[in-house]
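What follows is a set of notes on a single structure, which appears directly below.
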Amino acid sequence: MTGVGGPRPGEGAAPSRAAEAASTSGNARILFVDDDAAVRDLFAQALSRGGWTVETASDGREAVARLGAWTFEAILSDIAMPGMDGVSFLKTVREHDLDVPVILITGAPTLDSAIKAVEYGAFHYLSKPVAIETLEEIVARAVRLGRLSDLKRQALELLGDERRRWLGDRAGLEVRFERALASLWTAFQPVVAWRGRIVYGYEALVRSAEPSLATPAPLLEAAERLGRTRDLGRAIRSAVAAEAGGAAGGVRFLVNLHPEDLGDPDLYAAGSPLSGIAGRVILELTEREPLDQVKDLRPRLAARRSMGYRIAMDDLGAGSAGLSALAQMEPDLVKLDVSLVRGLDALPTKERVVRSIVGLCWELGIVVIAEGVETPGERDAVAEAGCDLLPGYLFARPGPGLKPPWL
Ligand code: G
Ligand code: MN
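Offset between the sequence shown (1-based) and this note's numbering: plus 435.
The structure is reproduced here in structure tokens:
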């Protein structure tokens, strides 16, 4: 056989560097997908001699069936195949295995396919003819790095630190984001009107059953990376509207918006999920995200208001936004960040600042909510400073359904 893919090591030749690597990285199972039988047999034989267990498939469909039957430590696939191309195959792989390295091989390299391969997280992109030695080295490296990535993920799970969460490559992220959207639910946390001991409203906090995207921060980060913030915003608003239908008439809902949601025509539409209860909805925009990128902020906010929505500036005190953001937004409400509330009863300087903020807001006709009240001391100090609307673990943690707080 002539070297379709490059030189072939002779029988009894000294083991290659990669074959040695394979032996030290264990007996990995590899999948090789190519519609060309000659290429497939040649590479499969060579890789088997290198110490790997090789399964083969002649097209994407057959390869997908193999994925159901085995776990692979590396996958090599031709790009141009009948039925399913390599990039679609890569996306399908991610539905089964979130970080197995995939090596794409093409006979007709184009800039577009190379860009897609990289964007979707292909481990390597090779053009034919490929020397077997080269392939062996790449596979050995892929297997090792795959194992390292697996260990790293296990370590992250052990550490349980959300800020160092694992987002993976684009194809894997897309799969998990879809799972998150499909399993989206809303946790509600009551905001207590303390003097009257009643519920002012509920803040809606998005959750999903996809473990890596269970809470707002990683979900939003994923949506931003994938350009899907609007889809997420719409799903959240539908989920809130569905729950709000069963709530008592006076109950308000506080819904977090991404700045990009402000540009979504769906929010203006007469038939949109929240429009029917707009008069009871407070849209929160966080001070943490710069608002200067939002085009036409003021007319957009004005349009929301004319529908009945009110606007809250969230996390006041946590961001770097200054006077201009406040002036642009003209919020109906502000929410003091937890950092301003924490330990308020023991910190006179902080108390003076909070008291001044509340006083100025009162003069400006802005309603103040104080986030994150955890102790009776903080509750009393915040109330003493003139702020009556209090969400906080002291009263209730976010959870499913509209539960009453402890009062
Ligand atoms: O988006 P916003 O900053 O409004 O969201 C409030 C966040 O603060 C939610 O994630 C909610 O779970 C959290 N939270 C609510 N009450 C408390 C509290 O009493 N203590 C702390 N640490 N966090 C709280
Ligand atoms: Mn909020």
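Beta carbons: idealized from backbone N, C-alpha and C, even for Gly.
- In the structure shown, the three-state DSSP call for Ala-657 is helix.
- Asp-780 is a Cβ neighbour of Gly-812, given a cutoff of 8 Å.
- With fewer than three CB-CB distances shorter than 8 Å, the stretch 571 to 578 does not count as touching the stretch 543 to 552.
- Restricting attention to beta strand (DSSP E) runs no shorter than 3 residues, the stretch 488 to 530 encloses them at 488 to 492, 509 to 513, ordered along the chain.
- Collapsing the DSSP output to three states places Phe-612 in a helix.
- Those residues placing their Cβ nearer than 5 Å to any heavy atom of ligand 2 are, following chain order, Asn-691, Glu-719, Asp-749.
- About 6 Å separates the beta carbon of Ile-804 from that of Val-626, a gap short enough to meet the 8 Å contact definition.
- Going by beta carbons, Leu-829 and Trp-629 fall outside the 8 Å limit.
- Its chain contains Ala-622, Pro-833 as the residues whose beta carbon lies nearer than 6 Å to that of Leu-640, once the 5 sequence neighbours on both sides are disregarded; these appear in chain order.
- According to the DSSP assignment, Gln-728 belongs to no beta strand (DSSP E), since it is labelled neither H nor E.
- Closest by C-alpha distance to Pro-840, out of Val-808, Arg-739, Ser-523, Ala-705, is Val-808.
- The beta carbon of Pro-694 sits no closer than 7 Å to any heavy atom of ligand 1.
- Distances taken from the Cβ of Tyr-635 to the heavy atoms of ligand 1 include none shorter than 7 Å.
- With contact defined as three or more Cβ pairs closer than 8 Å, the stretch 720 to 732 and the stretch 660 to 675 are not in contact.
- A residue is called buried when at least 16 other Cβ atoms come within 10 angstroms of its Cβ; Thr-506 does not meet this threshold and is exposed.
- The Cβ atoms of Val-489 and Phe-524 do not sit closer than 8 Å to each other.
- If you check the CB distance, Asp-520 and Gly-556 do not come in under 8 Å.
- When DSSP states are grouped into helix, strand and coil, Lys-770 belongs to the strand group.
- Only residues of its own chain outside the window of five on either side were considered, and among them Ala-805, Glu-806, Gly-807, Val-808, Glu-813, Val-817 have a CB closer than 7 Å to the CB of Val-776, listed in chain order.
- Phe-688 has its alpha-carbon roughly 22 Å from the corresponding atom of Arg-733.
- Counting of Cβ neighbours within 10 angstroms places Ala-704 among the exposed residues, the total staying below 16.
- Leaving aside the five residues that flank Ala-670 on each side, the residues in its chain whose CB is nearer than 7 Å to its CB run, in chain order, Leu-616, Leu-619.
- If you check the CB distance, Val-553 and Val-634 do not come in under 8 Å.
- Contact between Ile-465 and Glu-508 holds, since their C-beta atoms are separated by about 7 Å, short of 8 Å.
- Judged by DSSP in its simplified three-state form, Arg-669 adopts helix.
- For Trp-620, DSSP records a beta bridge to Arg-642.
- Apart from sequence neighbours up to five positions away, the residues of its chain that approach Val-528 with a beta-carbon distance below 7 Å are Leu-502, Ile-510, Val-535, Val-537, ordered along the chain.
- Note that the C-beta distance between Glu-656 and Leu-692 is not below 8 Å.
- Between Thr-784 and Ser-710, the alpha-carbon positions lie close to 42 Å from each other.
- By the beta-carbon neighbour count (other beta carbons within 10 angstroms, threshold 16), Pro-646 is exposed.
- Shown here, Val-716 sits in a strand according to DSSP, grouped into three states.
- Per DSSP, Thr-569 lies in no beta strand (DSSP E); the unbroken alpha helix (DSSP H) holding it starts and ends at 567 to 594.
- Bounds of the alpha helix (DSSP H) holding Phe-478 are 472 to 484.
- For Gly-714, the CB stays at least 7 Å from every heavy atom of ligand 1.
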